[in-house]
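**Q**
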Amino acid sequence: MKHNMEIDGIEVTFSEGETILEVAQRHQKEIPTLCYDPRLEPFGGCRLCIVELEGARNPVASCTTQATDGMVVRTATDTIEAYRKTLLEMVVSENREVDVSPLRGYAAGELADLRDKYAVNSTRMAGAKSGTNKTEDDNPFILRDYELCISCYRCVRVCAEQEGDHAINVMNRGFHTQITTEFDGLLKDSACTFCGQCIQTCPTGALADKKALRAVDEVADAMPDKTRTICPYCGVGCSVDILTKNEKIIGIHPAMDGPANQGALCVKGQFAYDFVQHPDRLKTPLIRGEDGELHEATWEDALDKVAEGFRKVNAKHGRHSIYGIASGRAPSEAAYLMQKFIRVGFGSNYIDNCSRA
């Protein structure tokens, strides 16, 4: 059943159970947030999304307040905007820095974007800094740079609500608030599966992609290119955006609008791409000679050799003697061609892929 409410003088419709923020976003009304991730339960911690509600004594958090029939909302009054600017000044004053590399993570620039939008003076409220870095955590994937943490808890919530790991949590209060693992240990000794979801939801880059940051100097002047594709590692079909610079893969971002994953990836989908440009990767075909050693050859000679071998086996032992296995490290197009080669070329369904599970 549809209901009506008013947002900034415009009457809009909404469905039962929607929050003010959800209704506003659906009608292209921009309300700033820092602790909000549409995949997570509303938290109401950052208070940037407050709005004026007619009849209410105080502003309300739009992410946690459900819309009701006849509600009248104002999202950007002078008072509300001044409140947001002051709040941002306080948040920014606690952090070591706000401008961070986009390679840190998908949402790493959210705080910087809001600072610029509200022309925040980052020095007016200079004072104590919060967060203690975990420089001793030597895992190869996740940088724990907590001097950039604003205690939005998005990382903790995505780990619990989306991944179900509960590998990280919050300890202490105020300036001593810290994101931590059980017994304040290392990530590799916790329940962390290194899926990277905490990295990609962090709005400040406090949790960052160590592997992507290896290329930080290469993208200092320009954003990396993004190419949408499907992760080949299993049969789920997760959508990913491959980050490249000068035809080199430098990182992976999960597609937040991916129908199969909605921003989630596993450790392989997030971090296992170094093989593509690994120095040990073969770039030239090798054919074993009469001396028993492998020798470099042209693609024409290699393909002729392979074709000859297939023909001999097929003629001697029949079509069911040939079995194809495609690799999860190859593109989806290669897997398609592989099954075509077996099914059409030999009239057999003896084809498999390590990614089918």
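Numbers 1 to 357, taken from this note's numbering, label the letters of the sequence shown in order.
Heads up, the beta-carbon is just placed ideally off N, CA and C, and yes, glycines get one too.
#1: With a Cβ-Cβ cutoff of 8 angstroms, do Gln339 and His253 count as a contact?
#2: Report the option in Arg154, Thr204, Ala212 whose CA atom is closest to the CA atom of Phe43.
#3: Comparing C-alpha positions only, which one of Glu290, Tyr83, Glu300 sits nearest to Thr284?
#4: Helix or strand or just coil, what does DSSP make of Leu186?
#5: If you draw a straight line from the C-alpha of Leu53 to the C-alpha of Arg74, how long is it?
#6: Going by Cα to Cα distance, which pick from Glu218, Gln262, Gly237 is closest to Glu247?
#7: Do you know whose CA, among Asn353, Leu103, Cys46, lies nearest Cys234's CA?
#8: Give the single residue among Lys226, Asp8, Gln197 whose Cα lies nearest to the Cα of Gln270.
#9: Going by the DSSP bridge assignment, what does Ser15 pair with across the sheet?
#10: Which residue comes first and which comes last in the beta strand (DSSP E) that contains Thr244?
#11: Considering just the uninterrupted stretch of the alpha helix (DSSP H) at Val174, what are its terminal residues?
#12: Have a look at the DSSP bridge pairing and note the partners of Pro254.
#13: With the cut-off set at 8 angstroms, would you say Asn169 and Glu147 are in Cβ contact?
#14: Between which two residues does the beta strand (DSSP E) holding Gly309 run?
#15: Residue ranges of each alpha helix (DSSP H) run of no fewer than 4 residues wholly in the region 37-73, ordered along the chain?
#16: Between Asn95, Cys49, Lys210, which has its C-alpha nearest Thr77's C-alpha?
#17: Are at least three pairs of beta-carbons, each pair with one atom in the region 138-147 and one in the region 175-193, less than 8 angstroms apart?
#18: Measure the C-alpha to C-alpha separation of Ile351 and Gly318 and round it to an integer number of angstroms.
#19: Can you give me the C-alpha to C-alpha distance between Arg329 and Phe183, rounded to a whole angstrom?
#20: Between Ser62 and Thr19, how many whole angstroms is the CB-CB distance? I'm expecting something under 8 angstroms.
#21: Suppose you measure from the CA of Arg57 to the CA of Thr33; what does that come to, to the nearest Å?
#22: Cβ atoms of Ala112 and Val98: under 8 angstroms apart, would you say?
#23: Could you tell me the distance, in whole angstroms, from the CA atom of Tyr106 to the CA atom of Ala302?
#24: Compare the C-alpha of Cys192 against each of Ala160, Lys305, Gly289, Val216 and name the closest.
#25: Please tell me whether Lys245 and Asp225 are closer than 8 angstroms, where the distance is taken between their beta carbons.
#26: Am I right that Glu89 and Val120 are in contact with their C-beta atoms under 8 angstroms? What's the rounded C-beta distance?
**A** According to the data block:
#1: Result no, Cβ atoms of Gln339 and His253 do not sit closer than 8 angstroms.
#2: Out of Arg154, Thr204, Ala212, Arg154 has the C-alpha closest to the C-alpha of Phe43.
#3: Ranked by Cα distance from Thr284, the first of Glu290, Tyr83, Glu300 is Glu300.
#4: In the three-state DSSP reduction, Leu186 falls in the coil class, being neither helix nor strand.
#5: Spanning the alpha carbons of Leu53 and Arg74 requires a straight line of approximately 7 angstroms.
#6: With distances taken between CA atoms, Glu247 lies nearest to Glu218 out of Glu218, Gln262, Gly237.
#7: Minimum Cα distance to Cys234 is reached at Asn353.
#8: Considering only Lys226, Asp8, Gln197, the residue with the shortest C-alpha distance to Gln270 is Gln197.
#9: In the DSSP output, where bridge partners are listed per residue, Ser15 has Lys2.
#10: It spans 239-245 - the beta strand (DSSP E) in which Thr244 sits, taken as one unbroken run.
#11: Residue identity differs from the one stated: residue 174 is Gly in this sequence, not Val. For Gly174, there is no enclosing alpha helix (DSSP H), as DSSP gives it neither H nor E.
#12: Pro254 is bridged to Val240.
#13: Their beta carbons are not under 8 angstroms apart, which means Asn169 does not touch Glu147 by this criterion.
#14: No beta strand (DSSP E) contains Gly309, which is instead part of the alpha helix (DSSP H) from 299-317.
#15: The region 37-73 contains no whole alpha helix (DSSP H) run of 4 or more residues.
#16: Of the candidates Asn95, Cys49, Lys210, Cys49 places its Cα closest to the Cα of Thr77.
#17: Counting Cβ pairs under 8 angstroms, three or more are found: they touch.
#18: Taking the straight line joining both Cα atoms gives about 15 angstroms.
#19: One alpha carbon belongs to Arg329, the other to Phe183, and they sit about 37 angstroms apart.
#20: Between Ser62 and Thr19, the beta carbon gap of about 7 angstroms places them in contact (Cβ cut-off 8 angstroms).
#21: Cα to Cα, the separation comes out at about 22 angstroms.
#22: For Val98 and Ala112, yes; Cβs fall inside 8 angstroms.
#23: Cα atoms of Tyr106 and Ala302: separation of roughly 42 angstroms, rounded to the nearest angstrom.
#24: That would be Ala160, whose Cα lies nearest to the Cα of Cys192.
#25: Yes, they are a contact pair.
#26: At roughly 5 angstroms, the Cβ-Cβ gap stays under 8 angstroms, so Glu89 and Val120 are in contact.
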